[in-house]
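Report on one structure; see the data block that follows.
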Amino acid sequence: MANILAKLYERKLARIGKRLSSDRREYRTALEKAGFTVGSGRYPARFEAAESLVARKGDVVLEVSQLLRGGSAFSVSLNGESRRKTVRLFTGRLDEAIAFADAAQYLA
């Protein structure tokens, strides 16, 4: 019984890994097409995140955290002269997050 459960667990982890990898490629491509310089975050901002992508365009940083439970969380940071303001976005869509980041870039 333990071996059966272990194999089921391994399969589930493999599916989660494939999905995260696929989403990461799609996000990276979309962000690069939007003019962002994309890198991987070393430490995800959210504790429930598997990993994160950090996209920079000028003074704006868009962080995409891929959640283990599925989906993504987005935050936009604006680096000022002496401080940094960060806003968590309540959307699950990358195109809306990019639009918000572009608006922040325009306002900066």
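Counting along the sequence shown from 1, when you hit position 5 you're at 18 in the numbering used here, and nothing is skipped either side.
No residue lacks a Cβ here, since even glycine has one placed at the ideal position from N, Cα and C.
- Of all alpha-carbon atoms in Leu75, Thr104, Ala63, Phe87, the one lying nearest the alpha-carbon of Arg32 is that of Ala63.
- Rounded to whole angstroms, the separation of the alpha carbons of Met14 and Gly105 is 38 Å.
- The DSSP assignment places complete beta strand (DSSP E) segments of no fewer than 3 residues inside the segment 29-108 at 50-54, 62-70, 73-80, 85-92, 97-102, in order along the chain.
- Classified as buried, Arg37 has 16 or more neighbouring CB atoms from the shown chains inside 10 Å of its CB.
- The C-beta of Ser78 has 16 or more other C-beta atoms within 10 Å across all chains shown, which makes the residue buried.
- Here the C-alpha atom of Leu120 lies approximately 14 Å from the C-alpha atom of Thr99.
- Judged by beta-carbon spacing, Val73 lies within the 8 Å limit of Gln118, meaning their Cβ atoms are closer than that value.
- Residues of the same chain with a CB within less than 8 Å of the CB of Ser85, apart from the 5 flanking positions on each side, are Asp36, Tyr40, Val77, Ser78, Gln79, Gly105, Leu107 in chain order.
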